[in-house]
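Chemist: This is the structure I have questions about; it appears just below.
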Amino acid sequence: MRYNIVIIIFLFSIPCFSQVTSTVLDTVFLSADKLEDKSVGQPIIKISKELLKNYRPQLTEVLQFETPIYFKENGFGMVSSASFRGTTAQQTAVVWNGININSPFLGQTDFNLINTQNISEVLVRPGGGSSQFGTGAIGGVVYLNNNLDIDTENTHEIYTSYGSFNTKNLSTNHSISGAKTNLQIGLSYLDSDNDYEYKDSDQKNENGQFYNINASLNAAYNPNAKNSFSIYSNWFTGERHLSIIETTQTRNKYSDEHLRILGKYQYKSGKNQSTVKLALINEKYRFYPDINTSEGSNNGNGWTYIANYNYQLQLKKLLFNVGGEYNLATATGTNYDNVQRSTGSANVYLKHNLAKNFTYQATLRAELNEDYDSPLLFSLGTSWQPFVEYTLKTSISKNYRIPTFNDLYWPGAENPDLKAESSLQYELSNEIHLRNLKFTLTGYYNDISDLIRWLPYSGELWRPVNTNKVQSYGIETNLQYGISLGNHQFKINTLYSYTVSKNKETDYQLIYVPYHKATLGISYKIADFSAQLNTIYTGEVFTYSNNNPDTVLNDFLLTNLSMNYAFAKNRNWIVGGGVNNLFNTNYETKAYRPMPGANYHINLTLKL
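Quick note on numbering: the sequence shown equals residues -18 to -1, 1 to 590 in mature numbering (1 follows the signal peptide of the UniProt record, and there is no 0).
The following block contains the structure:
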């Protein structure tokens, strides 16, 4: 059945090809929000569309190699959760075109369910962001952006790849632009038997097969210089069998379906700008404890409705923004009796170029929630550039996270007395800019209160409780260097993070938080040939809260290599391939869940 769906998708995409191109004038880039405007004092990691193509389509892999985030995966393609600056998965906010899309059920995002092939860019901002994006942005923010480019050349691209474990990937992207419009259509399909063999074992990954389909439709219309309309939409559906550890286990599976629609209207007049956004988010899931029957299955269906208004005043040296948002989240299903949560918020934002080399920003956010008294959230950031080659940035922020629907309502484990988590974070960053080199060194400290954890309380039953206070601190470094030697172009990107995240009561490191993580990316290009080598080192992690040394996951070094060659006059045909886990490393990111050894893929890109 799913192959028929894919055929329909690609037949639908064929009429979108066009030989008509518009005259290229000054390019206008429309994005849902400018994260840079809200990030004075905090560095941003930018991952371009071209860089995204070097990785598998799941968002997990690119963030593993390009950011300090640590990911815990239940095997390749299975559930993937993040630990950002030593925080939990629920404390990393994922923002799609300006809208927080963390699940109301779990309070987090499964990064293996985010397909990067229909995204323009990914921006990552370490550090607190609750004053801008609300609940959950304690460890950092991952921003998924679709840029709508007005008055640019039409582009049409088809990508296909095949790899180990019978892994198939097809995608198509089209951008059709006019003098006042832009239409983007993206479709992708991923399928894998995922039956890799475990290294140094006669076992293989059983019941790990999965497939998913992702579709996006985005459009912009600018009738004149003052008015602009845009719409963003994304639909995802998939099914994955959950890998088993023992062959005697019952085989189960999980299905997901997400729908996101965002409409935006913007009015500009002189120094004034008003923006209205309306969003609808739907999340569905169904768990089958036995793949051979639907008996005993449970499901959930969540709807989130968002209305947002912002007024912005842009003066010569001052940017002032005031806005408000209403958010209504509802959930029904096996474990949810039509529960709902409504939240209203108001925010004030100020960015001021006080001097030629000094800028500061201040943000205040107040929320009104029927269940929780939210603290007054704030952030203050500064950027000082005493000379051209050096910039000093500082940031302080108050952040929080309210309990999820699962925390409050899961039958037999519900805890309506939970408090909201809160944190106070400090950050200092140094940036050095030379001709071909950029170096960043950041230190931070995060004090978290009322951390919510699921702990055993009766036999095998677990329950969420506010357990302790956590202090998280560390350093992050990033070095980027590029050089050209004749026709040879080299780029080097290195990153290192040292993270301490300890329970203040026990002085134990939190589980699945490595002290050390480092990455190295080297890219090379000459004429029509390009190659990229990516290496990541992840230190050992504890898997028990008492830091039992006998149950740690060992450190590991992982290397990927990929190459591409462009044919034809305009490089319309690109043939490539690569090897992941080049040195066949035996590693796990979650206990008892081995990851794949050396595996390959070959790919073909056609640009029309």
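Every residue, glycine too, gets a C-beta built ideally from N, C-alpha and C.
Fair warning: this is a prediction, and the values are worked out from it, not measured in the lab.
Within 10 angstroms of the Cβ of Q40, are there 16 or more other Cβ atoms? Answer buried if so, exposed if not.
Modeler: With 16 or more Cβ atoms within 10 Å of its Cβ, Q40 is classed as buried.
Chemist: S143 by DSSP, collapsed to three states: which one?
Modeler: Here S143 sits in strand by DSSP.
Chemist: Could you pull out every residue in the same chain whose Cβ sits closer than 6 Å to the Cβ of S157, ignoring the five residues on either side in sequence?
Modeler: Here the set comprises T137 and Q166.
Chemist: Which residues mark the beginning and the end of the beta strand (DSSP E) in which F511 is found?
Modeler: Taken as a continuous stretch (DSSP letters only), the beta strand (DSSP E) holding F511 covers F511 to T520.
Chemist: Can you list, in chain order, the residues of its chain whose CB lies under 6 Å from that of I101, leaving out five sequence neighbours each side?
Modeler: L126.
Chemist: Consult DSSP for R575 and reduce its assignment to one of helix, strand or coil.
Modeler: Correct three-state label for R575: coil.
Chemist: Return yes when the Cβ of F93 is within less than 8 Å of the Cβ of S62, no when it is not.
Modeler: In this structure, F93 lies closer than 8 Å to S62 by Cβ.
Chemist: Cα separation between P446 and P576?
Modeler: For P446 and P576, the distance between alpha carbons rounds to 28 Å.
Chemist: Under a three-way DSSP split, which group does Q248 fall into?
Modeler: Q248 falls in the strand class under three-state DSSP.
Chemist: Could you say if the region 540 to 558 and the region 505 to 517 meet the contact criterion of at least three C-beta pairs nearer than 8 Å?
Modeler: Result yes; three or more Cβ-Cβ pairs closer than 8 Å.
Chemist: From the DSSP output, in three-state form, read off Q185 for me.
Modeler: Correct three-state label for Q185: coil.
Chemist: Apart from the five residues just before and just after N339, which ones in its own chain have a Cβ nearer than 7 Å to its Cβ?
Modeler: Closer than 7 Å at the Cβ level, and outside the excluded window around N339, lie W366, Q367 and P368.
Chemist: Where do the N-terminal and C-terminal ends of the alpha helix (DSSP H) with S113 fall, by residue?
Modeler: Taken as a continuous stretch (DSSP letters only), the alpha helix (DSSP H) holding S113 covers S112 to F115.
Chemist: Quick one: is R67 buried, meaning 16 or more other Cβ sit within 10 Å of its Cβ, or exposed?
Modeler: Its Cβ being crowded by 16 or more others within 10 Å, R67 is buried.
Chemist: Return the chain-ordered list of same chain residues with a C-beta closer than 7 Å to the C-beta of K507, the five sequence neighbours on each side being excluded.
Modeler: If we look at K507 and ignore the five residues flanking it on each side, its Cβ neighbours are Q471.
Chemist: Taking all protein chains shown into account, decide if V370 is buried (16 or more other Cβ within 10 angstroms of its Cβ) or exposed.
Modeler: Looking at its Cβ environment, which holds fewer than 16 other Cβ atoms inside 10 Å, V370 is exposed.
Chemist: Would you kindly work out how many angstroms separate the C-alpha atoms of K20 and D184, rounded to a whole number?
Modeler: Straight-line Cα distance between these residues: approximately 52 Å.
Chemist: Report back the beta-carbon spacing between W285 and T312 to the nearest angstrom; my notes put them in contact at under 8 Å.
Modeler: Right, the Cβ-Cβ distance comes to about 5 Å (below 8 Å), so this counts as a contact.
Chemist: Taking the beta strand (DSSP E) that T364 falls in, what are its first and last residues?
Modeler: Unbroken beta strand (DSSP E) run through T364: L359 to F369.
Chemist: Assuming contact is defined by CB atoms lying nearer than 8 Å, are G306 and Y287 in contact in what I supplied?
Modeler: Not in contact: G306 and Y287 (Cβ atoms no closer than 8 Å).
Chemist: Hey, out of L492, P496, R268 and S479, whose CA is closest to L502's CA?
Modeler: Here the closest residue by C-alpha is S479.
Chemist: Taking L492 as the reference, which of V452, S505, E48 and E458 has the closest Cα?
Modeler: Looking at the Cα atoms, V452 is the closest of the given residues.
Chemist: Assuming the contact rule is C-beta atoms closer than 8 Å, K380 and L359 should be a hit. Round their C-beta distance to whole Å, please.
Modeler: K380 to L359, Cβ: 5 Å. Contact.
Chemist: Measuring only the C-alpha atoms, how far is F87 from N264?
Modeler: Approximately 12 Å between the Cα atoms of the pair.
Chemist: Note down, in chain order, each residue of its chain lying with its Cβ closer than 6 Å to the Cβ of T364, except the 5 sequence neighbours on either side.
Modeler: Excluding sequence neighbours, T364 sits near G23, Y342 and T376.
Chemist: Helix, strand or coil: how does DSSP classify A313 here?
Modeler: Looking at A313 - three-state DSSP - the assignment turns out to be strand.
Chemist: Just to confirm before moving on: does the CB-CB distance between N563 and A580 stay below 8 Å?
Modeler: Yes. Within cutoff.
Chemist: Within this structure, are the beta carbons of I518 and I474 separated by less than 8 Å?
Modeler: No, the pair does not count as a contact, with Cβ atoms beyond the cut-off.
Chemist: Among the residues of its own chain, which have a CB less than 8 Å from the CB of T9, if the five just before and after it don't count?
Modeler: Confidence is the limiting factor: at T9 the pLDDT is only 31, short of 50, which leaves the residue's position unreliable, though a coordinate-based value still follows. These residues qualify, in order along the chain: D131, I132, D133 and T134.
Chemist: Taking the CB atoms as reference points, tell me whether Y144 and T587 lie closer together than 8 Å.
Modeler: In this structure, T587 does not lie closer than 8 Å to Y144 by Cβ.
Chemist: Let me make sure I understand the geometry here. Which of A573, F211 and G282 has the alpha-carbon closest to that of H240?
Modeler: Residue G282 is the option with its Cα nearest to H240.
Chemist: Quick one: what's got a C-beta closer than 6 Å to V258's C-beta in the same chain, skipping five residues either side?
Modeler: Hits under 6 Å: Y247 and Y291.
Chemist: Here's the rule: buried if 16 or more other CB atoms are within 10 angstroms of the residue's CB, otherwise exposed. What is L152?
Modeler: Buried, because 16 or more other Cβ atoms sit within 10 Å of the Cβ of L152.
Chemist: Per DSSP, which one or two residues make a beta bridge with Y291?
Modeler: Note: Y291 sits in a beta bridge opposite V258 and G306.
Chemist: From the DSSP output, which residues share a beta bridge with T286?
Modeler: For T286, which the question treats as bridged, DSSP gives the partners I263 and A311.
Chemist: Do K266 and L295 have their C-beta atoms closer together than 8 Å?
Modeler: Not closer than 8 Å, so no.
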